[in-house]
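Q: Structure below; questions to follow.
Numbering (full-length UniProt numbering), first residue to last: 1 to 104.
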């Protein structure tokens with residue numbers, strides 16, 4: 001996945017938040033509800049239920065086609081969060097811990 005670092009913010013001495021912008025290729029809808037987001041490397045599942053007006057904006061095509069991805073690092077904890085933007089509002093659509101592959 002081609003990601004460009006938009007900015008990096010320190011969270012005190014313990015952690016960092018890195019933010020990336022990823023182009024959205026399309027949306028997977030089921031019954032007027034967002035179920036997935038197509039990006040360059042595949043399909044990102046949507047874990048969160050969005051408000052009805054946000055789903056309607058997606059159907060109408062008025063949601064920005066940029067996914068904001070945040071990598072939150074606090075000590076040994078790493079978490080990935082993905083958000084979409086709708087009319088100046090940011091909505092969480094996916095959150096997952098990042099597991100280390102060291103030693104495997």
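Don't be surprised by glycine CBs; every beta carbon is placed ideally from N, CA and C.
#1: Here's the rule I'm using: 16 or more other beta-carbon atoms within 10 Å means buried, otherwise exposed. How should residue 82 be labelled?
#2: So, helix, strand or coil for residue 40, using DSSP?
#3: Which complete alpha helix (DSSP H) runs does the segment 46-74 hold, if anything under 4 residues is left out?
#4: By the three-class DSSP mapping on this structure, what secondary structure does residue 94 have?
#5: Where do the N-terminal and C-terminal ends of the beta strand (DSSP E) with residue 16 fall, by residue?
A: The relevant details are as follows:
#1: Start at 1 with the first residue of the chain shown, and residue 82 comes out as number 82. Around the beta carbon of residue 82, 16 or more other beta carbons lie within 10 angstroms, which makes this residue buried.
#2: If you number the chain shown from 1, residue 40 lands on position 40. Secondary structure at residue 40: coil, using DSSP grouped into helix, strand and coil.
#3: Under the rule that a run must span 4 or more residues, the alpha helix (DSSP H) segments found entirely inside the segment 46-74 read 52-60.
#4: If you number the chain shown from 1, residue 94 lands on position 94. Three-state DSSP puts residue 94 in a strand.
#5: The residue you call residue 16 lines up with position 16 of the chain shown. Taken as a continuous stretch (DSSP letters only), the beta strand (DSSP E) holding residue 16 covers 15-23.
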